[in-house]
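According to the UniProt record's numbering, the sequence shown holds residues 1 to 347 in order. All C-beta atoms in this analysis are idealised placements derived from N, C-alpha and C, irrespective of residue type, glycine included.
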Amino acid sequence: MFDWGFNPSKLKPQLKMAVHRFQMASNKKSALLKQSMREVAVLLNEDPPKEEKARIKAEALIRDDYIIEAYDILSLNCELLAERIKLIQHSKDCPPDLVSCISTLIYAAPRVDIPELTVIRKQFKAKYGKQFEENAMNNAGGILNERVVTKLSVEPPAAFLVQTYLEQICEKFEVDWSPTYRLTAEQMGEPMRPPVGESVPIGRGTGLGKTFSAHTGMTVTGDDDITYGGNVTLPPAQAPMVSVEPIVPPATGNDDFAEPDIYIPAAPGSVAASQSSQKQQQSSVAPSFPPPNNSSQTTNANGDRSDDDRDDDNEAGSGAPSNAPSGGRGSASYNDLAARFETLKNL
């Protein structure tokens with residue numbers, strides 16, 4: 001009943017192809033690891049060294065090393081099963097010496113990027129049943145290869161191992177670096193602590209001064225010196241004070257009901273009109289006072305009219321039209337109106 005779906009002619013080529021796939025994947029990761037190691041060395045060689053970022057990259061290096069190691073072990077298992085395909089084909093139950101090998105391949109199939117292992121897993125499930133597959137996935141009875149299980153684990157590496165990788169990289173690339181802090185006995189077996197920004201320099205354009213207390217408890221003096229354990233709290237940030245001068249409206253006169261200046265155009269061709277226009281311009285610059293008597297007719301000391309006024313009356317009675325363009329009564333009437341308007345405006 002377990003032989004339904006099992007095809008040894010299909011299983012053996014898949015095992016051979018998996019061996020080549022593991023080798024290609026290992027070579028590719030090894031080439032990338034060399035480049036990553038060089039990047040870590042550059043980070044530690046900077047001034048100040050970017051230690052926290054280098055630790056994160058070192059953790060990725062360790063994980064890739066683990067995967068390459070697991071690939072090599074799984075590749076050996078595939079080679080062994082390919083050589084014993086005849087034994088697997090003619091055995092109803094799984095041979096005791098192959099239980100760990102087959103179970104490890106079934107366990108690793110969904111955890112690695114090797115498509116051939118998925119086909120191999122289905123072939124062994126068809127051969128030995130669903131219960132055999134479940135025992136392999138759950139590591140029932142500790143049948144799996146412990147080394148493969150550890151290397152494919154999602155748990156982060158220990159902090160001691162991360163620091164050891166950094167020291168070995170510095171030695172290989174001749175980088176003069178020493179860790180900022182030493183690990184305690186409790187920290188060596190624990191995962192690496194999350195970054196808190198110890199290697200991140202303070203912004204140089206903030207103008208906060210040479211001594212600055214960060215919220216992480218560090219006291220930074222100057223640009224590079226760092227002291228741990230400080231308990232000084234960070235003062236709240238304050239915005240710069242900007243003084244704004246109030247806008248003062250232009251000063252006005254005391255009389256709010258003063259009559260505004262009104263421009264009166266002069267009559268064309270009249271000399272008196274041009275004089276009135278000049279007076280109007282002078283009044284806009286400096287205050288003017290009305291003459292003692294600005295009437296159109298002047299009187300002498302005895303109250304009689306002057307000879308000039310009589311001559312004007314005689315000329316007016318001679319029949320000259322009132323709307324003459326220049327001279328005559330028309331100009332005199334316009335001048336009288338302008339003079340009276342000036343008198344009323346200056347009252």
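The stretch 105-124 and the stretch 52-65 do not touch, with fewer than three beta-carbon pairs separated by less than 8 Å.
If the five residues before and after residue 111 are omitted, its C-beta is found closer than 7 Å to the C-beta atoms of 152, all from its own chain and listed in chain order. Judged by DSSP secondary structure, residue 196 falls outside any alpha helix (DSSP H); it is assigned neither H nor E. Buried is the label assigned to residue 103, since at least 16 other Cβ atoms lie within 10 Å of its Cβ. DSSP lists 191 as the bridge partner or partners of residue 158. Using a Cβ-Cβ distance cut-off of 8 Å, the stretch 21-28 and the stretch 113-124 are in contact, since at least three pairs of beta carbons, one from each stretch, lie closer than that value. Remark: C-beta atoms of residue 6 and residue 126 approach each other more closely than 8 Å. The three-state secondary structure of residue 186, taken from DSSP, is helix. With fewer than 16 other Cβ atoms inside 10 Å of its own Cβ, residue 346 counts as exposed. In this structure residue 163 is buried. Its beta-carbon is surrounded by 16 or more other beta-carbon atoms within 10 angstroms. Per the C-alpha coordinates, the member of 53, 36, 144 and 87 positioned closest to residue 70 is 144. Your pair residue 98 and residue 121 does not check out as a contact, with CB atoms roughly 15 Å apart and the cut at 8 Å. The shortest C-alpha to C-alpha distance from residue 16 to any of 79, 26, 31 and 50 is the one to 79.
For residue 22, the enclosing alpha helix (DSSP H) begins and ends at 8-45. Runs of the alpha helix (DSSP H) lying entirely within the stretch 77-127, each at least 4 residues long, are 85-90 and 99-108 in chain order.
Remark: C-beta atoms of residue 94 and residue 81 do not approach each other more closely than 8 Å. Counting the other Cβ atoms within 10 Å of the Cβ of residue 196 gives fewer than 16, which makes it exposed. In this structure, 56 is the residue among 56, 140, 124 and 338 with its C-alpha nearest to the C-alpha of residue 194.
Within its own chain, the residues whose Cβ lies closer than 6 Å to the Cβ of residue 188, once the five positions on either side in sequence are excluded, are 160, listed in chain order. DSSP places residue 181 outside both helix and strand once states are collapsed to three, so it counts as coil. A direct Cα-Cα distance of roughly 42 Å separates residue 166 from residue 12. An exposed status is given to residue 344, since fewer than 16 other beta-carbon atoms sit within 10 Å of its beta-carbon. Residue 34 is not a Cβ neighbour of residue 68, given a cutoff of 8 Å.
Going by C-alpha positions, residue 134 is about 48 Å away from residue 178. In this model, residue 43 and residue 27 are separated by some 25 Å (Cα to Cα). For the options 180, 337 and 184, the alpha carbon positioned closest to that of residue 198 is the one of 180.
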